[in-house]
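Asks: Residue numbers (my numbering), protein chains in the order written: chain X, 293 to 584; chain F, 293 to 584; chain A, 293 to 584; chain E, 293 to 584. C-beta: ideal position from N, C-alpha, C; glycine also. Can you keep this structure in mind? I'll have questions shortly.
Quick look at the structure:
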């Protein structure tokens with residue numbers, strides 16, 4: 293198939309490369325040209341204009357936020373130039389409200405829209421080991437399924453409304469953020485009682501909580517190595533905001549999510565925005581009067 | 293060795309059986325006689341009086357709470373009758389303050405005191421697969437280490453003050469309770485957005501959160517099968533209370549732990565005390581206006 | 293002066309009547325015509341089109357929300373038809389972000405914009421006893437000051453950026469909502485301990501908390517008379533949402549405000565939306581297992 | 293009447309003086325002798341031993357905490373020496389659980405026990421303007437009523453169980469602490485939006501919240517003058533702990549009270565223990581990234 297691709301950031305580059313490796317033709321556009329050039333050496337064709345990515349069998353996009361998608365016109369202006377019947381697979385973590393708006397904007401123009409956000413970091417994307425959460429019209433999902441199955445190690449269809457995939461992703465991100473905050477508080481308690489953080493983390497994350505996510509963040513928290521950031525706190529704040537926005541819209545009270553969001557706000561206001569989002573734990577330590 | 297044992301509840305019975313199977317002699321006392329009789333068939337000797345368990349090389353105890361230990365006199369009256377030099381290994385989840393009091397009470401009488409709380413449910417105890425967290429004087433810990441290693445699949449020494457083992461256990465329990473509450477909130481959000489809870493839980497607990505604890509509780513929450521209780525909500529409330537008591541004493545602010553504790557209180561006040569502690573999730577659903 | 297007026301709800305009607313009584317000419321428009329007719333008998337002139345209110349010395353508006361203002365075109369379309377130099381005094385409680393947008397929209401068209409939200413219920417508005425919080429360019433504020441001083445018993449200028457008046461109003465509303473939630477919790481505690489709610493409320497609101505606000509809501513909470521609603525819970529939820537929106541934008545963590553907001557969401561999801569916002573207290577009672 | 297008095301701190305001294313001024317004979321004991329000497333000049337007789345205060349018609353006590361009362365033996369040892377029929381009026385803010393224990397301890401010895409905690413600061417106590425909250429057996433309360441009416445400007449009987457007076461006092465203290473935290477958050481929001489704190493506080497505390505409590509603390513918070521402490525943060529933490537202890541015992545979930553308690557813990561851990569308890573507001577400002 294011939295695939296258009298918008299958004300070659302750390303995540304998008306790995307995904308585009310895997311689509312290419314699966315034998316498809318990829319035409320890509322990115323705001324800055326460096327990433328396009330790097331992929332060009334592997335065989336990805338550079339689009340001069342965003343419009344050039346609309347000519348294929350499907351359009352994939354992986355941008356940073358609702359705002360970034362609006363900037364490119366994926367909420368309207370660019371769609372106006374797309375041929376009827378084109379399927380757009382949006383892998384970005386966008387808000388539930390924007391997902392719904394995008395679905396309508398595509399339907400109105402006779403375009404197909406599938407949401408397919410992913411779990412996994414850039415290295416996982418590059419390795420083709422993402423978990424892909426898809427939602428949308430079943431026929432559309434089936435059309436792009438062969439490609440999505442090459443992108444990830446796991447492929448789950450969650451419903452026929454695109455925003456449901458985004459909601460699942462958002463609820464999942466909340467679970468990660470809450471686990472980080474929880475470890476931060478538990479480690480602060482243990483540490484103030486004279487327990488070595490690494491001992492505590494080792495017991496918990498090699499026992500009841502033996503999963504890669506806990507092990508990764510547990511280790512960062514025990515060692516207090518919040519730089520360089522694997523995932524910046526400002527992005528964690530953005531995601532926590534998406535959780536609360538979805539909760540407001542659906543009228544769901546989420547007490548823990550509210551606490552976690554407030555801690556992200558506090559952390560950013562105190563200058564931790566560029567550190568890893570697990571630096572929530574340094575606030576927890578400070579709340580106990582512990583010094584770095 | 294000859295081991296005295298107090299407390300043959302669901303946990304204690306499995307542990308005592310494993311000590312016996314490891315080739316030790318076990319003399320046991322329990323408030324109700326049924327459990328002693330059952331173990332008697334396997335070779336455990338019945339003590340007529342609590343005092344009879346003091347004659348061995350070490351005394352193990354596994355009672356339900358600070359109060360249960362006081363009732364038996366393990367905070368003083370019974371200790372008065374113990375021979376100098378006896379080592380008492382306390383496997384109960386007691387408060388940090390009581391652990392410290394017990395340590396002093398033993399020292400004053402020339403007795404040894406080791407705290408060795410465990411992670412694991414009764415079936416894990418019976419299988420000898422517990423995680424044992426020990427703390428106390430290093431020489432004392434070494435004396436009972438051969439037995440503790442038979443009780444569990446994992447044995448960790450966390451410090452030389454007995455209360456540190458209890459603190460680790462308490463902090464770990466908070467992590468579990470917080471994970472349960474988090475899943476309850478995340479599932480409520482997903483469900484109100486039209487996502488099937490089992491789909492959401494399956495994605496998360498076979499991905500980033502692929503650990504037995506998440507899988508067990510995720511499945512209970514998705515199916516809303518809070519009865520019969522694997523671990524009663526009233527016990528979860530007790531443990532959440534121990535977390536906050538330790539936090540008060542050590543002066544550690546724990547915002548998430550406070551929310552979780554309040555939810556346990558609310559759940560008990562609303563009549564969920566006898567259900568599984570994961571029925572916190574049914575409150576989360578109710579907060580979203582979802583019906584059972 | 294000749295004053296245009298948009299929005300003759302319970303608040304707007306009282307305000308418009310007071311402007312009239314102060315000797316000014318008032319031309320008013322309202323979506324439904326009943327209120328205009330009622331005021332017409334007092335001397336207010338009815339505008340056939342929203343446009344007809346733009347011809348005076350100043351335009352006053354008092355609409356329910358950001359959305360209601362957009363519906364009428366006060367964010368753009370209607371402003372396009374206003375003569376340069378017109379001053380618009382917006383008394384609505386709108387979001388800080390929308391206040392900023394409105395200021396820009398007016399400036400761009402050569403119009404003046406003053407924010408003048410108020411504290412007080414409809415009966416207070418009718419009596420001309422409101423507290424008026426104004427912000428905007430000092431010269432503009434001075435032009436409309438004579439009218440604003442007739443509307444309220446108290447008139448405070450808070451800054452030269454219109455959104456500051458809205459922020460003060462929003463922060464003030466949070467204080468009221470927090471006081472209600474606090475009384476709800478305190479009364480639940482006292483009541484479960486066997487203290488008569490009216491005794492507790494009487495002691496507190498005639499002592500340290502002897503202000504009309506506490507007395508009004510304290511009495512409602514003690515008697516559990518949440519209907520008819522003086523101020524609907526859905527409106528309380530809207531205001532709590534404005535508080536958190538301002539906090540997000542300004543990067544201020546507000547732990548209490550987040551709890552209060554979650555309780556409004558929970559209350560609405562549980563069907564209390566049409567009751568008085570002080571029915572937050574009935575959730576607090578339910579959390580203690582108390583029955584109505 | 294002849295009145296024994298224990299506890300001549302800042303509060304007790306003022307109260308004892310007012311009892312004396314009302315024409316009663318007062319025999320007082322205090323751990324340190326300075327206060328006794330000062331009152332001696334006014335006519336209060338010094339007791340050499342705590343026991344000497346037991347010989348009058350009633351015993352009044354005003355000590356700092358549960359622990360201080362135990363130290364003096366008012367939970368048992370000293371009571372053993374009291375003549376049957378003596379009425380003990382305890383004005384201290386003690387825990388609900390301890391109030392219940394004290395009631396039993398008195399009954400067992402044939403002594404009367406009345407709880408009579410007060411609202412008001414030392415200057416209010418000296419002026420005889422306290423609010424006195426009494427609870428206990430109606431006949432006993434009537435016997436000491438003439439004296440309690442001289443101590444305060446307001447006298448309220450809340451129930452026939454002594455602990456109810458303490459519960460009311462504790463719930464009332466929570467209302468104050470919550471109001472302080474609320475103002476701290478609201479001022480942080482206003483201030484980060486460029487509003488002068490004193491303007492915001494003036495609007496609110498001379499309007500809807502026009503009560504002395506809001507005015508006093510609003511002014512401290514606006515000026516950030518947290519020293520010298522009128523009421524130390526460590527005492528606020530103690531009171532917040534009493535609120536949560538009562539809530540635990542009565543099984544009442546108090547989300548706001550839990551947040552406020554955590555903030556007191558955080559404040560103490562960060563070194564604010566000796567400042568005024570309204571320095572909670574400096575944490576709120578710091579959470580918004582505002583500098584002192």
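Determine the closest residue to residue 397(A) out of 419(A), 374(A) and 412(A), with distance taken between C-alpha atoms.
Replies: Reading the third chain from its first residue, position 105 is the one you call residue 397(A). When only C-alpha atoms are compared, the closest one is 374(A).
Asks: If you compare alpha carbons, which of 350(A), 349(A), 322(A) and 351(A) is closest to residue 339(A)?
Replies: In the third chain, counting from the first residue as 1, residue 339(A) sits at position 47. When each option's Cα is compared against that of residue 339(A), the closest is 322(A).
Asks: With distances taken between CB atoms, is the gap from residue 371(A) to residue 401(A) smaller than 8 Å?
Replies: On the third chain, position 79 is the one that residue 371(A) refers to. On the third chain, position 109 is the one that residue 401(A) refers to. It is a contact, given that the beta carbons lie within the stated cut-off.
Asks: Nearest to residue 576(E) by alpha carbon, out of 483(E), 529(E), 488(E) and 545(E)?
Replies: If you number the fourth chain from 1, residue 576(E) lands on position 284. Out of 483(E), 529(E), 488(E) and 545(E), 483(E) has the C-alpha closest to the C-alpha of residue 576(E).
Asks: Any idea what DSSP makes of residue 298(E), helix, strand or coil?
Replies: By 1-based counting over the fourth chain, the position of residue 298(E) is 6. Here residue 298(E) sits in strand by DSSP.
Asks: Please check the pair residue 298(A) and residue 417(A), which I expect to be a contact at CB under 8 Å, by giving their CB distance rounded to whole angstroms.
Replies: Against the third chain, residue 298(A) aligns to sequence position 6. Against the third chain, residue 417(A) aligns to sequence position 125. No, residue 298(A) and residue 417(A) are not in contact; Cβ-Cβ is about 16 Å, not under 8 Å.
Asks: Output the distance between the C-alpha atoms of residue 438(X) and residue 377(X), rounded to the nearest integer angstrom.
Replies: Locating residue 438(X) in the first chain gives position 146, counting from the first residue. Locating residue 377(X) in the first chain gives position 85, counting from the first residue. Cα-Cα distance, rounded: 18 Å.
Asks: Report the neighbours of residue 546(X) on chain A: residues whose CB is nearer than 8 Å to its CB, in chain order.
Replies: Your numbering for residue 546(X) matches position 254 in the first chain. Those are 554, listed as they occur along chain A.
Asks: Distance check for residue 385(A) and residue 312(A), CA to CA, integer angstroms please.
Replies: By one-based count along the third chain, residue 312(A) stands at place 20. By one-based count along the third chain, residue 385(A) stands at place 93. Answer to the nearest angstrom: the Cα atoms are 23 Å apart.
Asks: What are the residues in the stretch 404 to 421 of chain F lying within 8 Å of chain E by C-beta distance?
Replies: Result list empty, no residue passes.
Asks: So what's residue 487(F) in DSSP terms, helix, strand or just coil?
Replies: Position 195 of the second chain holds residue 487(F). Coil at residue 487(F), not helix or strand.
Asks: Listing by chain order, which chain A residues have their CB less than 7 Å from the CB of residue 543(X)?
Replies: Residue mapping note: residue 543(X) aligns to position 251 of the first chain, counting from 1. Within chain A, the residues near residue 543(X) are 557, 560 and 561.
Asks: For the stretch 484 to 516 of chain E, list every residue whose C-beta sits within 8 Å of some C-beta in chain X, in sequence order.
Replies: Within the stretch 484 to 516 of chain E, no residue qualifies.
Asks: So which residues of chain X does residue 533(A) contact, with C-beta pairs closer than 8 Å?
Replies: As a working mapping, residue 533(A) is identified with position 241 in the third chain. What residue 533(A) touches in chain X: 540.
Asks: Roughly how many angstroms lie between the CA atoms of residue 277(F) and residue 394(F), to the nearest whole one?
Replies: For chain F, the structure presents residues 293 to 584; residue 277(F) sits outside this window and is missing.
Asks: Which bits of chain F does residue 311(X) rub up against, with CB to CB less than 7 Å?
Replies: By 1-based counting over the first chain, the position of residue 311(X) is 19. None at all; the shortest Cβ gap to chain F is about 22 Å.
Asks: Among the residues of its own chain, which have a CB less than 6 Å from the CB of residue 568(X), if the five just before and after it don't count?
Replies: As a working mapping, residue 568(X) is identified with position 276 in the first chain. Within the same chain, residue 568(X) has close Cβ partners 518, 521 and 522.
Asks: Return the CA-CA distance between residue 554(F) and residue 541(F), expressed in angstroms with no decimal places.
Replies: On the second chain, residue 554(F) is found 262 positions in, with the first residue counted as 1. On the second chain, residue 541(F) is found 249 positions in, with the first residue counted as 1. Answer to the nearest angstrom: the Cα atoms are 19 Å apart.
Asks: Among residues of its own chain, excluding the 5 on either side of residue 446(A), which ones have a beta-carbon nearer than 6 Å to its beta-carbon?
Replies: Translated into the one-based positions of the third chain, residue 446(A) becomes position 154. Around residue 446(A): 423.
Asks: With distances taken from CA atoms, which of 316(X), 331(X) and 409(X) is nearest residue 348(X)?
Replies: Counted from its first residue, the first chain places residue 348(X) at position 56. With distances taken between Cα atoms, residue 348(X) lies closest to 316(X).
Asks: When burial is assigned at 16 or more other CB atoms within 10 Å of the CB, is residue 363(F) buried or exposed?
Replies: Counting from 1 along the second chain, the entry for residue 363(F) is found at position 71. Per the 10 Å Cβ criterion, exposed.
Asks: Would DSSP call residue 385(F) helix, strand or coil?
Replies: Counting from 1 along the second chain, the entry for residue 385(F) is found at position 93. Coil at residue 385(F), not helix or strand.
Asks: If the criterion is Cβ atoms closer than 8 Å, does the pair residue 389(E) and residue 579(A) meet it?
Replies: On the fourth chain, residue 389(E) is found 97 positions in, with the first residue counted as 1. On the third chain, residue 579(A) is found 287 positions in, with the first residue counted as 1. Against a cut-off of 8 Å, the Cβ pair of residue 579(A) and residue 389(E) comes out as no contact.
Asks: Cα-Cα, which of 346(A), 536(A), 527(A) and 543(A) is closest to residue 562(X)?
Replies: For the purposes of this step, residue 562(X) is taken as residue 270 along the first chain, with counting starting at 1. For the residues 346(A), 536(A), 527(A) and 543(A), the minimum Cα distance to residue 562(X) belongs to 543(A).
Asks: Distance check for residue 433(E) and residue 342(E), CA to CA, integer angstroms please.
Replies: Taking the first residue of the fourth chain as 1, we reach residue 342(E) at position 50. Taking the first residue of the fourth chain as 1, we reach residue 433(E) at position 141. Looking at the two C-alpha atoms, the distance is approximately 23 Å.
Asks: Could you check the C-alpha separation between residue 498(X) and residue 507(X) for me, to the nearest Å?
Replies: For this step, residue 498(X) is matched to residue 206 along the first chain. For this step, residue 507(X) is matched to residue 215 along the first chain. The alpha-carbon atoms of residue 498(X) and residue 507(X) are separated by roughly 8 Å.
Asks: For a cutoff of 8 Å on Cβ pairs, would you count residue 550(A) as touching chain X?
Replies: The sequence position of residue 550(A) within the third chain is 258, counting from 1. Yes, because at least one Cβ of chain X sits closer than 8 Å to the Cβ of residue 550(A).
Asks: Out of 494(F), 500(F) and 529(F), point me to the one whose CA is closest to residue 602(F)'s CA.
Replies: Nothing about residue 602(F) can be read from this structure; chain F reaches only from 293 to 584.
Asks: Leaving aside the five residues before and after residue 441(A) along the sequence, list all residues of the same chain whose C-beta is less than 6 Å from its C-beta, in chain order.
Replies: For the purposes of this step, residue 441(A) is identified with residue 149 of the third chain, where counting begins at 1. Contacts found: 447.
Asks: For residue 459(E) and residue 492(A), I'd like the C-alpha separation in whole angstroms.
Replies: Counting from 1 along the fourth chain, the entry for residue 459(E) is found at position 167. Counting from 1 along the third chain, the entry for residue 492(A) is found at position 200. Residue 459(E) and residue 492(A): Cα-Cα distance of roughly 10 Å.
Asks: Should residue 468(A) and residue 505(A) be called a contact, given that it needs their Cβ atoms to be closer than 8 Å?
Replies: For the purposes of this step, residue 468(A) is identified with residue 176 of the third chain, where counting begins at 1. For the purposes of this step, residue 505(A) is identified with residue 213 of the third chain, where counting begins at 1. Going by C-beta atoms, residue 468(A) is nearer than 8 Å to residue 505(A).
Asks: By Cβ distance below 8 Å, which residues in the same chain neighbour residue 565(F) in space, the five residues on each side in sequence not counted?
Replies: For this step, residue 565(F) is matched to residue 273 along the second chain. Around residue 565(F): 524, 525, 526, 529 and 559.
Asks: Within this structure, are the beta carbons of residue 355(X) and residue 477(F) separated by less than 8 Å?
Replies: To locate residue 355(X), count along the first chain from 1; it is residue 63. To locate residue 477(F), count along the second chain from 1; it is residue 185. Cβ distance not < 8 Å, so residue 355(X) and residue 477(F) don't count as in contact.
Asks: Taking 8 Å as the CB-CB limit, is residue 437(E) close to chain X?
Replies: The residue you call residue 437(E) lines up with position 145 of the fourth chain. For residue 437(E), the answer is no, since every Cβ of chain X falls outside 8 Å of its Cβ.
Asks: Tell me which residue opens and which closes the alpha helix (DSSP H) that residue 355(E) is part of.
Replies: Residue 355(E) sits at position 63 when you count from the first residue of the fourth chain. It is not in any alpha helix (DSSP H) - residue 355(E) carries neither H nor E in the DSSP assignment.
Asks: Would you check if the distance between the CB atom of residue 480(E) and the CB atom of residue 582(E) is smaller than 8 Å?
Replies: What you label residue 480(E) is simply residue 188 of the fourth chain in a count that begins at 1. What you label residue 582(E) is simply residue 290 of the fourth chain in a count that begins at 1. Yes.
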